[in-house]
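In the UniProt record's numbering, the protein residues as written are 1 to 850.
Backbone N, C-alpha and C define an ideal beta-carbon position, used for all residues, glycine too.
Values in this document were obtained by computation on a predicted structure and should not be read as measured data.
To keep things clear, I will list the structure first and then write my remarks on it.
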Amino acid sequence: MRWMKILSKKPITEPTYTVTNLTEGCLYEFHVMATNDAGIGPASNASALIKCSTPTSTPSAPTVLKATDSTKTSVSLEWTTPVFSGGMEITGYIIEMCKVNSQEWQKINVENCTKTKYTATGLDSNEEYKFRVCAVNGVGKGEACEILEPVRTVDRLASPEIDIDASFKQTHIVRNGGTVRLYAAFKGKPPPVATWTKADGDFSVMVDINTTEDYSTLIIENSNRYDSGKYILSLENSSGSQSITFNVKVLDTPGPPGPIKFTDVTKGALTLMWNAPVNDGGAHIQNYIVEKREASRRTWQEVSSKCTHETLRVTELLEGMPYFFRVLAENQFGRGEAYEMSDPVIATAEPAPPKTLNIVDTTNSTATLAWLKPEHDGGSRITGYMVETKVKGSEKWVASGHTKNLSMVLEGLQENMEYEFRVKAKNDAGYSKPRDASSSVIIKEPHIEPTADLSGITNQLITCKSGSTFTVDVPISGRPAPKVTWKLEEMRLKDTERVSIKTSKNRTTLSVKDCMRGDGGKYFLILENITGSKTFTITVNVIGRPSAPSGPIQVSSISSESCVLTWEAPEDDGGTEITNYIVEKRESGSGAWQLVNSSVRHTTIRVTHLTKYMHYTFRVSAENRFGVSKPSESETIVAEHPFGEFISVTANTISICWEEPYNDGGSKVTGYWIEKKERNTILWVRDNKIPCFEYTNFTVTGLGEGEVYEFHVIAKNANGIYSMPSESTGPVTCRAEYCKIFYFITCIDFNYNWQLVNNVLFLLFLKPLEDGGDPVSHYIVERRDTNRLNWVTMEAECKTLSCVIAMIKNSEYIFRVRGVNKYGPGVPLQSEPVVARNTFSKHDTICNYI
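Laid out in structure tokens, this is it:
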């Protein structure tokens, strides 16, 4: 075996090397030796035999497969190339997917993908998918790389991000008249909203903004110095926000310097001071130009053109002559805009006199004066003011005080004396000429009628919600200070836990905590002093939930399936319109209220879908926009025809029955009148000559066979008041076909035991002697407290001849039982009153035959 040295043009310095010029099909092995200045070292172990031939293997799997984005119907994938290409060029990639709950992989790209990224589209929304990618070369498809975590098809949210590349510029410099172009690319999900603002002012009219989902541009054509500044692009979406600032500098002449002030004014000279321009035109301010003109002339004269500071001493001014001054800044691009004084200045030593001396107030011994600053300070700072007084008619002025303020209170003046006043300003050069008050004044306490300023209370109306706190704050005035009284309607208000009244010389405040509806109304503020009395009115409207609907709730038109409820609107609507009424019902024996209707607009409703013979209680609540009122409840009623139900029919007679009225009108019912009406007539005819009062049933005789009749019943009480007629029985034909009612309960047998724990009554009864032609299906057992008028159903479908009824200790009850067949319930048989007492046993039998 012979080893051959591999010749290379350059020394091999890396631990890898590609050997060329080998013969295809031959077997080779290699070893490596290291070398340094001392020579060549020993050889490494030989490599395995390697046959030199064209590779035929598939590529390895791609690496780092990840989802870069997703929507409701797509997923974007990216991956890196395989570590091993199989020795051949990779021609593309195959992408496969499957749902998480499936094992069936599907190829999703029709042609091999040549890039290392791909977007899978047409996916189901909100589903989880798995993906895998394999590389393809000339040999075939390589191993697959599967994504680590399933990807859900939902819209990904991303906060705004500004794309900054090599061409991005944050600072833009242009010459005057040039065009400013600001551009920024961005991304985000959902697409962010782009907003441009200027940090130090508003945009000029030349600004043009164009924004898309990916970028935004701001263009300013024909720019000038005022377009310089910081422009901020703000991006915002539901995931966050970001902003970037662009600095724009327009090279131009400077803007106007700041306001001009003058100091050290003397005869014929003064010193001017100003601030540098806010906008320097993008270049250094080289100097300032100062000019002057006499107030009577329009021509400007140059004072200095090479002033390098923001101050200048101006001399050679004419004494007593008013002058205007202006200042211009200059940079390398030229002179800028001028700043001109709005008022002239006179170079003199003493300050000008104060302006407008007023007598603000007087008392029995004081006077309050106020004035304005002089037009100019004479060239030096005003150090104070001197006030002088003299009695009217006198020639002598007396110094009464010094102050640095623009007002002063003079004390120690004589009551009812007439005084004159004047004031002088003082600076370093001395006092100014005096400023006299416009008139003299007599020192006395003025009498001014009291008044209140209600302009802060719109329309003199305050509206607040019940339970909150309202405050009435009123400025007041008057001399002497008025006495304050607050009233609500006719009631005088005082400080309490809820009501607070605070009054000062010029203000009064009324505060009411936890206000109620009763706190609303007209509040009277009464102000009194020696000039008289004045009353001011403020209306307070306290709004809240309405009161309960006015009762009682009337229940009428009662049938086995429906009834009509009627009520009155609440006495208090809560200060706002009643929007609706809420009607509920409750069945006897149940504590739960059931909603009937929650959007009743009027004060009446027909309640339907009632269960026959069931006892019902109804309640009604009013509602406005602040809440629901307390409910008003009705008396308990029974869902059945209260009067006039026929019980047997023959060829010439019809028997009807009815129940006592639920309301006797305040006195005992003494009898009933039965009226009938034939078909095709509207005339009702009374049938009984004397009222029925022993029984609640009656047999009408003398009728024609085959004729159709209707009946109703009218009740009369001991006061001689007649009730409204009952509902009609409906048409019934005289024919010997059936008997609806039977002779009901022949005997009720009571056997009850009272114990302290088990307060129950055991009620036993016998079958009726007559069943009315049809077997009795069940019994209805009812109970009534002797202190109430309404009957309460204890057993609606009692199948046996006994039942157990709960009782309340020492309460007195009456019981009644009715049998029911297919024609309906029979006439009830009623017991004597029974009192529940402890350790009490009684057996009582009541028999009644009808």
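Nearest residue (CA-CA) to residue i, options the options
i	options	result
tyrosine 581	Glu623, Ser588 and His609	Glu623
histidine 447	Gly430, Arg479 and Met417	Arg479
tyrosine 323	Lys799, Ala269, Glu415 and Ala592	Ala269
leucine 157	Ile220, Gly240, Lys66 and Thr211	Gly240
isoleucine 501	Tyr183, Phe470 and Ser439	Phe470
threonine 217	Gly575, Ala144 and Ala184	Ala184
glutamate 127	Val136, His172 and Ser74	Ser74
histidine 376	Glu812, Pro825, Asn597 and Asp264	Asp264
proline 450	Thr389, Leu527, Phe711 and Asn427	Leu527
threonine 636	Ile553, Thr699, Tyr672 and Tyr709	Ile553
methionine 386	Ser432, Ser85 and Thr299	Ser432
threonine 729	Ala370, Val708, Ser723 and Gly720	Val708
serine 44	Asp436, Ala38 and His31	His31
arginine 507	Ser559, Gly518 and Asp453	Asp453
threonine 362	Tyr613, His402, Glu294 and Lys444	Lys444
lysine 534	Trp567, Thr485, Ile578 and Thr503	Thr485
lysine 9	Thr315, Trp3 and Thr18	Thr18
threonine 389	Arg175, Met491 and His402	His402
lysine 130	Glu415, Ile147 and Ile605	Ile147
serine 547	Thr537, Lys522 and Glu577	Glu577
tryptophan 567	Arg619, Ser440 and Ile285	Arg619
valine 64	Ser53, Thr81 and Thr58	Thr81
leucine 525	Asn810, Tyr215, Ile476 and Ala569	Ile476
tyrosine 419	Glu395, Ala295, Arg132 and Thr212	Glu395
Outcome for residue i when other beta-carbon atoms lying within 10 angstroms are tallied against a minimum of 16
i	result
lysine 676	buried
isoleucine 674	buried
valine 193	exposed
tryptophan 397	exposed
residue 864	Past the boundaries of the shown model lies residue 864; the chain is included only from 1 to 850, so the question cannot be answered.
phenylalanine 762	exposed
glycine 393	exposed
tyrosine 226	exposed
lysine 72	exposed
asparagine 21	exposed
tryptophan 658	buried
aspartate 437	Note on identity: in this sequence residue 437 is alanine, with aspartate being the wrong assignment. Classification of alanine 437: buried, given that the 10 Å Cβ count is 16 or more.
leucine 413	buried
isoleucine 656	buried
glutamate 497	exposed
glycine 122	exposed
glutamate 782	buried
valine 154	exposed
lysine 585	buried
leucine 461	exposed
serine 648	buried
asparagine 427	buried
phenylalanine 698	buried
Presumed contact (8 Å Cβ cut-off) between residue i and residue j, rounded CB distance
i	j	result
glutamate 770	isoleucine 780	Glutamate 770 to isoleucine 780, Cβ: 18 Å. No contact.
residue 854	alanine 276	Only positions 1 to 850 of the chain appear in this structure, which leaves residue 854 out of reach.
asparagine 529	lysine 487	About 18 Å separates the two Cβ atoms, so there is no contact after all.
glycine 281	serine 223	No, glycine 281 and serine 223 are not in contact; Cβ-Cβ is about 12 Å, not under 8 Å.
valine 700	tyrosine 672	Contact doesn't hold; Cβ gap of about 13 Å is too wide.
arginine 679	proline 731	7 Å
valine 596	valine 607	6 Å
asparagine 416	isoleucine 442	6 Å
valine 472	leucine 510	4 Å
isoleucine 260	phenylalanine 325	6 Å
serine 57	valine 139	6 Å
Cutoff 8 Å: residue i Cβ touching any chain D Cβ
i	result
asparagine 358	Among the chains of the structure shown, chain D does not appear; only one protein chain is present.
Would you call the region 236-250 and the region 343-351 in contact, with 3 or more CB pairs under 8 Å? no
Contact between the region 539-554 and the region 458-471 is defined here as three or more beta-carbon pairs at a separation below 8 Å; is this criterion met? yes
Touch test, the region 327-337 against the region 286-304, Cβ-Cβ under 8 Å, three pairs minimum: yes
Continuous beta strand (DSSP E) assignments of at least 3 residues falling wholly in the UniProt domain "Fibronectin type-III" (256-351): 261-266, 269-273, 287-294, 301-307, 311-314, 322-331 and 334-340
Hey, which unbroken runs of the beta strand (DSSP E) at 3 residues or more fall wholly within the UniProt domain "Fibronectin type-III" (748-839)? Uninterrupted beta strand (DSSP E) stretches at least 3 residues long and entirely within the UniProt domain "Fibronectin type-III" (748-839) occur at 759-765, 778-785, 792-798, 802-806 and 812-821, given in chain order.
Quick one: complete beta strand (DSSP E) runs, 3+ long, within the region 100-126? Runs of the beta strand (DSSP E) inside the region 100-126: 117-120.
Contact between the region 95-106 and the region 46-63: three or more CB pairs below 8 Å? no
In chain order, which continuous runs of the beta strand (DSSP E) of length 3 or greater are located wholly inside the UniProt domain "Fibronectin type-III" (353-446)? 355-362, 367-372, 384-391, 398-403, 407-410 and 418-427
Decide yes or no for the touch test of the region 244-253 against the region 312-323: beta carbon pairs closer than 8 Å, at least 3 of them. no
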